[in-house]
Amino acid sequence: MAETRITDGYKDNIDVEKEAEKICRWAAARAGVIVVAPLVGTMTLMANEVYMITRLAELRGIKLSESAVLGLLGSLGATFVGQTLVTLIPFAPIQIPVGISVTYAVGKVANAWLKAGRPEDIAAFKEVFDEARSEGMKHFKEFGNMDCKDKPLGDESKRFKIDSQEIFDTVTRKADEAEYKFEDAMRKMK
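Okay, structure coming up:
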């Protein structure tokens, strides 16, 4: 993934983890507003997540390219696709908690991924995602009421190019792997 290192120490007096948590909560709060926006919600939600990941990287002194950020989102595969599909269901009681909790979880995964040195294998962060998504779901009302929810993290009108075929292939491959594991476990139980 192409990236440029920004000089270390430009923010050496801040608590990076505390600031990262603020960014994740801000993006989650914003997601709660975005997901209910007719027609533009899905693309705007993607922009929100791109800016969240970019800010998390900058916090750690890393300048990620747009393709690196989109690569991270794409590697989340089913998670990203599932959230996108939920945003298309015009039912706010479902859209808002899912948008908030998944965005919060994506932020927590991105922060952990950045902290770990940006490893290729994102599967190692599944537990981080699951825990953060549960945490986000527990606190979605709190996050949704934050004052920053009306303040965008960046230009939400920007459109990003995600290779939908690549995401579909990743989701299909992971579903096939899960099916094979399940079938194998069932055979062993007999």
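The opening position of the sequence shown corresponds to residue 1 in my numbering, with each subsequent residue numbered one higher. Even glycine gets a Cβ: it sits at the ideal position worked out from N, Cα and C.
Item: Exposure of Met189, with buried meaning 16 or more beta-carbon neighbours within 10 Å; Value: exposed
Item: Nearest to Ser157 (by Cα), restricted to the options Arg30, Trp26, Thr44 and Val36; Value: Thr44
Item: Per-residue burial, Glu49 [other beta carbons within 10 Å of its own, 16 or more giving buried]; Value: buried
Item: Ala31 versus Gly74 - alpha carbon distance; Value: 18 Å
Item: Limits of the alpha helix (DSSP H) - the one that Phe129 falls within; Value: Lys126 to Lys138
Item: Cβ pair count under 8 Å reaching 3, the segment 135 to 146 against the segment 94 to 108; Value: yes
Item: Alpha-carbon spacing of Ala132 relative to Val109, whole angstroms; Value: 8 Å
Item: DSSP state of Asp147 mapped onto helix, strand, coil; Value: helix
Item: Gly154 in three-state terms, based on DSSP; Value: coil
Item: Start and end residues, alpha helix (DSSP H) containing Glu21; Value: Val16 to Ile34
Item: Alpha-carbon spacing of Asp155 relative to Arg55, whole angstroms; Value: 13 Å
Item: Among Glu58, Lys149, Val35 and Lys18, the one whose alpha carbon lies nearest that of Leu114; Value: Glu58
Item: Residue-chain proximity (Ile96, chain B), Cβ-Cβ < 8 Å; Value: In the displayed structure, chain B is absent; only one protein chain is listed.
Item: Sub-8 Å separation of Ala37 and Lys149 beta-carbons; Value: no
Item: Buried versus exposed call for Arg25 [16 or more other C-beta atoms within 10 Å across all chains shown]; Value: buried
Item: CB contact flag (Leu64, Ile122, <8 Å); Value: no
Item: Helix, strand or coil at Gly107 according to DSSP, with G and I counted as helix; Value: helix
Item: Span separating the alpha-carbon of Ala112 from that of Phe125; Value: 8 Å
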